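**Student:** Pasting a structure here, questions to come.
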Amino acid sequence: MADTAITVEDARKTYGTKPALEGLDLQVTRGTVHAVLGPNGAGKTTLVRILSTLLRPDGGRVEVAGHDVVRQAYEVRLRIGLLGQHAALDEELGGQQNLEMFGRLYHLGARHARVRAGELLERFGLADTGRKPVKQYSGGMRRRLDLAASLITDPEVLFLDEPTTGLDPRGRAEVWSAVRSLVGGGTTVLLTTQYLEEADQLADRISVVDAGRVIADGTADALKALTGGDRIDVVLRDAGQLGAAVALLPIAKDDISVDPDRRLLSAPVTDRMAALSGVVHALEKAGIEAEDVALRRPTLDEVFLHLTGDDRRVKEAA
Amino acid sequence: MSTNAYALTDSWTMTRRELAHWARQPVQVVVNLIFPVMLLLMFGYLIGGGRGVQGSYIDYLLPGMLALTMAFGLEGTMIAVTQDLNKGVIDRFRSMPMANGAVLVGRSVADMLQSALALLVLMGVGYALGWRADGGPGAFLGALGLLLLFRFAMLWIGIHLALVAGKPELVQAVQILVWPIGFLSNALALPGAMPGWLGKVVEWNPMSHTATAARDLFGGTGTEHVVPAIVWPLALLAVFFPLAVRRFARLSR
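Here you go:
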């Protein structure tokens, strides 16, 4: 299909006797950002390594940009960029030297490679530090240079394997804004992450993986709806009033969790603002003292527990 | 278009990378060149004396030290390849449309250059200490050729071991093993002066042939060790070169 950038059908990979992918299926539409969300050990990195021709699958069909990753690895490599979990840079060399070297290896020619390296350093705010060896870079700078190296040839498909893991909030924001700026250019992006928030911020579509399979697939909203959407947390001053609060608050009663130790009750909400003001008014009226009332999105844990709580059948949330 | 069309340019790019590392770390380069000189001085003056050696000990010792330096090059190669493998940069190379073997070619060229430099420095120091090569220019170049051929065989053993072991911890084990193998040769002393069984091991050691052939060629005293000094490294290469290349190609399994 012309509008499919990545096709994975029944991909399998086992390390020794330890299965990593157990029949994973995935379709990514050209020009979109697709997040693969899952915990450590779910098979995310194995999937990215197979898609970027670093690892051969044991079975199944895997195509990237219209080419088979095993039989046409060279054709695939011409069309992809890779940002792995660990910086794929020469630590001893400077930023400019790194990008020039990669440019030459993409066969841009010496002059073009040098110009391109300068452009990318400028674009990622690294022009001032182009001569410093990469081992002296901060985590965020390193990740930006790594991203720049993945973009030397304007790849059709870009793989980002946990691009913000280990970064501080500022580094994370830098990477997010860089990824957003790519999307306008028509690049297809596949990113893996452990954070629902990251998938939510960046992706058009999300595949949730666990134990080497996709267990749910859809837009961020669809997945959240599947989990019950946003929740409201209320912390009371007196745990003894939790029962009374549950009875009188204007919230759905079927999925409330109560934690007396933390004096906390938590419930799903549909209309965020109405729920918040409704709860605050009801508490005031009944004279129940609250220490904290907060709206929050479901955590990955909750999405996960919800999805794996069932019989692990693939759900169509589209 | 296959990747082979770019084999030469890519290999050159990877060689430039290694040379850029030298430029970034000149101190490291100098330390690597000084180390064999220190060994030479240590064995020549501190410990040496050369068991069973007649005539000038420096004429005996220097060719041995040249061969020993070539053997120890195995460690350097192995460390460099292991470091590359354990850093992400090798993943980027392998995900790019470049000639697959270029990484290894770059390593080889850089290591051979470094070894040639080490030979020159050691010979310079040897000359200052009284070592003389009287065998003529042809024999002189022949001796250098044999030493570098031996280094080339060590290089591919080093690459193979790094690809097999893959972890820095195992490099240490090999580093410890290289020493007795290097010293169980006739680099420093004549096997005739050792206990019988040890002398046999030392005579059999491929490094001994290279050291003796170089000694004879430098001194113009014979050529009977030249053939084994060619055959041994070629035999080692015939085994380890294809093993290393295959191992590198199978990183994707």
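The listed protein sequences correspond, in order, to chains A and B. The first sequence begins at 1 in our numbering and counts up by one. The second sequence begins at 1001 in our numbering and counts up by one. Don't be surprised by glycine CBs; every beta carbon is placed ideally from N, CA and C. In this text, all values refer to a predicted model and were calculated from it rather than measured experimentally.
Thinking C-alpha only, which one of A:G140, A:L26, A:D204 and A:A149 is nearest V175 of chain A?
**Tutor:** Along the first sequence, one-based indexing puts residue 175 of chain A at 175. The residue among A:G140, A:L26, A:D204 and A:A149 with its C-alpha nearest the C-alpha of V175 of chain A is A:G140.
**Student:** Is it the case that the Cβ atoms of L1254 of chain B and V1081 of chain B are separated by a distance below 8 Å?
**Tutor:** Shown here, chain B extends from 1001 to 1253; a query on residue 1254 of chain B therefore has no answer.
**Student:** Of all the alpha helix (DSSP H) runs that stay within the bounds of the segment 95-162 of chain A, which reach a length of 4 or more residues?
**Tutor:** 95-105, 110-123 and 139-150
**Student:** Along the segment 87-108 of chain A, what residues have a CB closer than 8 Å to any CB found in chain B?
**Tutor:** Cβ contacts with chain B: A87, A88, L89, D90, E91, E92, L93, Q97, M101, F102, R104, L105, Y106 and H107.
**Student:** Is the number of C-beta pairs between the segment 65-72 of chain A and the segment 1066-1074 of chain B that are closer than 8 Å three or more?
**Tutor:** no
**Student:** Go to L182 of chain A, then tell me how far its alpha helix (DSSP H) extends in each direction, as first and last residue.
**Tutor:** Here the question's residue 182 of chain A lines up with position 182 in the first sequence. Here the alpha helix (DSSP H) through L182 of chain A covers P169 to V183.
**Student:** Report the rounded CA-to-CA distance for L1061 of chain B versus D154 of chain A, giving the unit in angstroms.
**Tutor:** Numbered from its first residue, the second sequence carries residue 1061 of chain B at position 61. Numbered from its first residue, the first sequence carries residue 154 of chain A at position 154. The straight-line gap from Cα to Cα measures roughly 58 Å.
**Student:** Do you know how far the Cα of G171 of chain A is from the Cα of R205 of chain A?
**Tutor:** Along the first sequence, one-based indexing puts residue 205 of chain A at 205. Along the first sequence, one-based indexing puts residue 171 of chain A at 171. Whole-angstrom Cα-Cα distance: 24 Å.
**Student:** Taking 8 Å as the threshold (beta carbon to beta carbon), is P155 of chain A in contact with chain B?
**Tutor:** Indexing the first sequence from 1 puts residue 155 of chain A at position 155. Taking Cβ atoms only, chain B never reaches closer than 8 Å to P155 of chain A, which makes this a no.
**Student:** Grab me the residues of T192 of chain A's own chain with a C-beta within less than 8 Å of its C-beta, minus the 5 sequence neighbours each way, in chain order.
**Tutor:** Here residue 192 of chain A refers to the residue found at position 192 when the first sequence is read from its first residue. Same-chain partners within the cutoff: A35, V36, L37, G38, K44, T45, L47, V48, L160, D161 and E162.
**Student:** Report the residue ranges of all alpha helix (DSSP H) runs contained in full by the segment 202-285 of chain A; include only those spanning at least 4 residues, in chain order.
**Tutor:** 220-227 and 242-248
**Student:** Any C-beta of chain B sitting closer than 8 Å to the C-beta of S52 of chain A?
**Tutor:** The residue you call residue 52 of chain A lines up with position 52 of the first sequence. It does; some Cβ of chain B falls within 8 Å.
**Student:** Using a Cβ cut-off of 8 Å (strictly closer), state whether L24 of chain A contacts chain B.
**Tutor:** Reading the first sequence from its first residue, position 24 is the one you call residue 24 of chain A. Chain B, which has no Cβ nearer than 8 Å to the Cβ of L24 of chain A, makes this no.
**Student:** Any beta-carbon of chain B closer than 8 Å to the one on I288 of chain A?
**Tutor:** Mapped onto the first sequence, residue 288 of chain A falls at position 288. Put simply, the CB of I288 of chain A is far from chain B, with every gap to its CB atoms at 8 Å or more.
**Student:** What's the C-alpha gap between S207 of chain A and L26 of chain A?
**Tutor:** Along the first sequence, one-based indexing puts residue 207 of chain A at 207. Along the first sequence, one-based indexing puts residue 26 of chain A at 26. Distance between the alpha carbons of S207 of chain A and L26 of chain A is about 8 Å.
**Student:** Quick one: what's got a C-beta closer than 8 Å to G229 of chain A's C-beta in the same chain, skipping five residues either side?
**Tutor:** Counted from its first residue, the first sequence places residue 229 of chain A at position 229. So the qualifying residues of the chain are P268, V269, T270 and P298.
**Student:** Answer with buried or exposed for W1156 of chain B, where buried requires no fewer than 16 other C-beta atoms within 10 angstroms of its C-beta.
**Tutor:** Walking along the second sequence from the start, residue 1156 of chain B turns up at place 156. Under this definition W1156 of chain B is a buried residue.
**Student:** Buried or exposed for L1198 of chain B, please, with buried defined as at least 16 other CB atoms from any protein chain shown within 10 angstroms of its CB.
**Tutor:** Within the second sequence, residue 1198 of chain B is the residue found at index 198, counting from 1. The residue is exposed, with fewer than 16 neighbouring Cβ atoms inside 10 Å.
**Student:** What do you get for F1035 of chain B, buried or exposed, if any count of 16 or more other CB atoms within 10 angstroms of its CB means buried?
**Tutor:** Residue numbering aside, residue 1035 of chain B sits at position 35 when the second sequence is read from its first letter. With fewer than 16 other Cβ atoms within 10 Å, it is exposed.
**Student:** Rounded C-beta distance between L145 of chain A and N98 of chain A? I'm assuming under 8 Å.
**Tutor:** Within the first sequence, residue 145 of chain A is the residue found at index 145, counting from 1. Within the first sequence, residue 98 of chain A is the residue found at index 98, counting from 1. L145 of chain A to N98 of chain A, Cβ: 7 Å. Contact.
**Student:** I want to verify the contact list: residues of chain A whose CB lies under 7 Å from the CB of V1125 of chain B, in sequence order.
**Tutor:** Walking along the second sequence from the start, residue 1125 of chain B turns up at place 125. What V1125 of chain B touches in chain A: nothing, since even the nearest Cβ is about 29 Å away.
**Student:** Check whether the Cβ of M1098 of chain B lies closer than 8 Å to any Cβ atom in chain A.
**Tutor:** Walking along the second sequence from the start, residue 1098 of chain B turns up at place 98. M1098 of chain B counts as touching chain A.
**Student:** Decide if the segment 89-105 of chain A is in contact with the segment 1003-1021 of chain B; the criterion is three or more beta carbon pairs, one per stretch, under 8 Å apart.
**Tutor:** yes
**Student:** Taking L82 of chain A as the reference, give the member of B:G1088, B:A1189, B:A1249 and B:D1084 with the closest Cα.
**Tutor:** For this step, residue 82 of chain A is matched to residue 82 along the first sequence. Nearest C-alpha to L82 of chain A: B:G1088.
**Student:** Sort A:E22, A:E302, A:K18 and A:R262 by Cα distance to L196 of chain A and report the nearest one.
**Tutor:** As a first step, residue 196 of chain A must be located in the first sequence, where it is residue number 196. The residue with the shortest Cα to Cα distance from L196 of chain A is A:E302.
**Student:** Assuming E100 of chain A and R114 of chain A are in contact, meaning their beta carbons sit under 8 Å apart, how far apart are those beta carbons, in whole angstroms?
**Tutor:** Residue 100 of chain A sits at position 100 when you count from the first residue of the first sequence. Residue 114 of chain A sits at position 114 when you count from the first residue of the first sequence. About 6 Å separates the two Cβ atoms, so the contact holds.
**Student:** According to the Cβ coordinates, are R1151 of chain B and S1115 of chain B closer than 8 Å?
**Tutor:** Taking the first residue of the second sequence as 1, we reach residue 1151 of chain B at position 151. Taking the first residue of the second sequence as 1, we reach residue 1115 of chain B at position 115. Contact flag set, yes.
**Student:** Is Y74 of chain A close to chain B, meaning its C-beta is less than 8 Å from at least one C-beta of that chain?
**Tutor:** Within the first sequence, numbered from 1, the residue matching residue 74 of chain A stands at position 74. So, interface residue.
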